[in-house]
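Visitor: Sequential numbering from 31 applies to the sequence shown in this note's numbering.
No residue lacks a Cβ here, since even glycine has one placed at the ideal position from N, Cα and C.
Dropping the structure in here first, questions after.
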Amino acid sequence: MNRHLAQRRGFTLVEMLVVISVILVLSTLAMSGFRSAMNMSRSAKCMGNLRQLGEGILLYAADNNNFLPPAYISGNNGPDNNWYYAIYPYLTGGTKMPYDWGQETVIVGRGVFHCPEVKNNDAAYILPWISYKMNGQFQFLSATGVMSMAAISKPSQTLLLGEGRAHPKFSSYTSKDQGTGLWYPHNGKLNGLFLDGHIESQTESELKSRWTQIGSFSLN
């Protein structure tokens with residue numbers, strides 16, 4: 031009888047170890063699923079930001095004879111030399127951006143200009159409150175001025191805004207290693223707003239393979 035109880039007791043211990051192992055595996059899977067869900071949620075929020083920024087750009091264009099806001103005004107070193115300063119009033123009911131070179135973080139909550147995937151203390155972001163960059167082919171140059179939306183021959187293939195760091199424009203760089211290049215914070219992908227209004231998530235290699243032309247300006 032005692033021997034039978036001992037055998038049962040040993041079998042129960044094995045069962046407990048199996049149950050514990052199963053619980054650990056399920057916990058790991060649950061945590062992985064939770065992290066994946068959180069990543070998807072942050073990416074969706076980022077896409078929502080880009081959609082609102084795109085609406086601001088369209089409103090700006092509607093008030094300016096279909097011309098896009100300049101990505102960057104060459105030769106102007108003031109705080110109003112970029113696209114996000116230009117469209118800010120269209121996102122806030124007419125309020126100008128409360129911007130000062132020494133007070134970048136005064137943008138309340140950072141709002142639609144800030145991707146939730148970017149950590150607030152990321153030293154690589156010189157301007158930590160803004161996570162998006164405009165195609166540098168839309169910068170204002172004295173020789174060319176600003177560009178009309180009508181001049182873009184392939185709007186569905188033309189990246190307007192992409193995720194990046196430290197500068198309002200990303201020029202022709204798709205590489206994250208370039209100082210004025212793009213960034214891929216969503217598991218190796220960036221969220222990009224194209225000129226026709228659609229948003230896509232792309233890896234660096236996918237974006238390079240689709241790099242196209244804007245009117246007569248080559249982005250290769």
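Considering only C-alpha positions, which residue in the set Val-44, Lys-75, Ser-73, Glu-85 is nearest to Phe-224?
Guide: Working through the sequence shown from its first residue, we reach residue 224 at position 194. Selected option, being the one with the closest Cα: Glu-85.
Visitor: Name the two residues that bound the continuous beta strand (DSSP E) containing Ser-231.
Guide: On the sequence shown, residue 231 is found 201 positions in, with the first residue counted as 1. 229-233 is the extent of the beta strand (DSSP E) around Ser-231.
Visitor: Quick one: Cα of Ser-248 to Cα of Glu-236, how far?
Guide: For the purposes of this step, residue 248 is taken as the residue at position 218 of the sequence shown. For the purposes of this step, residue 236 is taken as the residue at position 206 of the sequence shown. With a pLDDT of 38 at Ser-248, under the threshold of 50, the modelled position of that residue is not reliable, and no figure is offered here.
Visitor: Compare the Cα-Cα distances from Ala-180 to each of Ala-92, Lys-75, Trp-213 and report the closest residue.
Guide: What you label residue 180 is simply residue 150 of the sequence shown in a count that begins at 1. Closest option to Ala-180, Cα to Cα, is Ala-92.
Visitor: Just the C-alpha distance for Trp-131 and Leu-220, rounded to the nearest angstrom, thanks.
Guide: Here residue 131 is taken as the residue at index 101 of the sequence shown, counted from 1. Here residue 220 is taken as the residue at index 190 of the sequence shown, counted from 1. At Trp-131, the pLDDT of 47 sits below 50, so the modelled position is not reliable; the number obtained from the coordinates is stated separately. Their backbone Cα atoms lie some 27 Å apart in a straight line.
Visitor: Work out the CA separation of Ser-186 and His-228 for me, nearest whole Å.
Guide: Mapped onto the sequence shown, residue 228 falls at position 198. Mapped onto the sequence shown, residue 186 falls at position 156. Approximately 8 Å, taken between the alpha carbons.
Visitor: Which whole-angstrom value is the C-beta distance of Leu-121 and Tyr-162, which I expect to be below 8 Å?
Guide: If you number the sequence shown from 1, residue 121 lands on position 91. If you number the sequence shown from 1, residue 162 lands on position 132. In fact, because the Cβ distance is near 13 Å, the residues do not count as touching under 8 Å.
Visitor: Applying the criterion that 16 or more other CB atoms from any shown protein chain within 10 Å of the CB defines a buried residue, is Met-104 buried or exposed?
Guide: Walking along the sequence shown from the start, residue 104 turns up at place 74. A small fix is needed here, since residue 104 is Ser in this sequence, not Met. Per the 10 Å Cβ criterion, exposed.
Visitor: Leaving aside the five residues before and after Gly-218 along the sequence, list all residues of the same chain whose C-beta is less than 8 Å from its C-beta, in chain order.
Guide: In the sequence shown, residue 218 corresponds to position 188, counting from 1. Excluding residues within five positions, the ones whose Cβ falls inside 8 Å are Thr-233, Glu-234.
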